[in-house]
Amino acid sequence: MRNRWLAPAGLAAAALVVAACGSSSSSGGSGGSGSSPAAHGSSSTLDAGTVNGAKLLVNGKGLTVYWFALDTLNKSNCNGSCLQYWPPVPGPATAMAGVKGTLGVITRSNGAKQATWNGHPLYTYIADTAGTAKGNGLNLSGGVWHDIVLSGTSAPAPSQSSSGGGGYGY
34 MRNRWLAPAG
44 LAAAALVVAA
54 CGSSSSSGGS
64 GGSGSSPAAH
74 GSSSTLDAGT
84 VNGAKLLVNG
94 KGLTVYWFAL
104 DTLNKSNCNG
114 SCLQYWPPVP
124 GPATAMAGVK
134 GTLGVITRSN
144 GAKQATWNGH
154 PLYTYIADTA
164 GTAKGNGLNL
174 SGGVWHDIVL
184 SGTSAPAPSQ
194 SSSGGGGYGY
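Heads up: the sequence shown begins at 34 in my numbering, then just goes up one per residue.
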């Protein structure tokens, strides 16, 4: 089932935009049912990892950690099918050496704890493997996703055009 992200880019992007517009609770968290964070190998340990020459925030499995432009401080707006592509990093999280910033935790409406960094809810991206940042700069689920740069320059955003047309950055 992990290969669902390989669907035609236009259809997948449209479906994510529509599905990501779920409501969120006023308790500081938001929820929805989606794949478990553990299903993507998330860990509650955060570290500094090198991706394309930059020091980025990564989880214990070496997966790049992201924040979502539509989230507000201490509140996630990634719900429903968004969670299938962007699993929340479980909270609370522990910082390893080299991780600067304030770690926290929010409670999603389903009761799950999600880690935050400087108030931003944290996620991994289903298409990443250790040492990659394929989700950086993607405009999916209704907003743009950003890696968290600890030093250096952000990982390059995916190309917004391709020789095959479409321009969806896949």
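Every residue gets a Cβ at the ideal spot worked out from N, C-alpha and C, and that includes glycine.
Everything numeric in this text was worked out from a predicted model, so none of it was measured.
Pick from the options that is closest to residue i, judged by C-alpha positions
i: Asp180; options: Asn85, Thr149, Leu89 and Gly82; result: Leu89
i: Thr135; options: Met129, Pro123, Thr149 and Ala145; result: Thr149
i: Leu96; options: Lys167, Ala163, Ser174 and Leu173; result: Ala163
i: Val122; options: Gly131, Gly113 and His153; result: His153
i: Cys115; options: Ala166, Thr157 and Met129; result: Thr157
i: Ser142; options: Cys111, Ala87 and Gly168; result: Cys111
i: Lys12; options: Gly113, Met129 and Lys133; result: There is no way to answer for residue 12, as the model of the chain reaches only from 34 to 203.
i: Gly168; options: Pro120, Lys133, Gly137 and Asn151; result: Pro120
Residue i - containing beta strand (DSSP E), residue span
i: Tyr158; result: Note, Tyr158: premise wrong, no beta strand (DSSP E); not H, not E.
i: Ser142; result: Careful: Ser142 lies outside any beta strand (DSSP E) and carries neither H nor E.
i: Thr78; result: Thr78 to Val84
i: Leu183; result: Val182 to Ser184
9 Å Cβ cutoff met for residue i and residue j
i: Ala102; j: Val177; result: yes
i: Ser77; j: Thr127; result: yes
i: Leu155; j: Leu79; result: yes
Bounding residues of the alpha helix (DSSP H) (the contiguous stretch that carries residue i)
i: Leu116; result: Cys115 to Tyr118
Distance cut-off 8 Å: residue i Cβ against heavy atoms of the ligand FAD
i: Asn151; result: The model depicted lacks the ligand FAD and carries no ligand whatsoever.
Rounded Cβ spacing between residue i and residue j (contact assumed at less than 8 Å)
i: Gly131; j: Leu183; result: 7 Å
i: Ala166; j: Val84; result: 5 Å
i: Ser174; j: Tyr99; result: With a Cβ gap of about 11 Å, Ser174 and Tyr99 do not count as contacting.
i: Pro125; j: Lys146; result: 7 Å
Length at least 4, wholly inside the segment 91-140: the alpha helix (DSSP H) runs in chain order: Taking only runs of at least 4 residues, the alpha helix (DSSP H) segments lying wholly in the segment 91-140 are 115-118.
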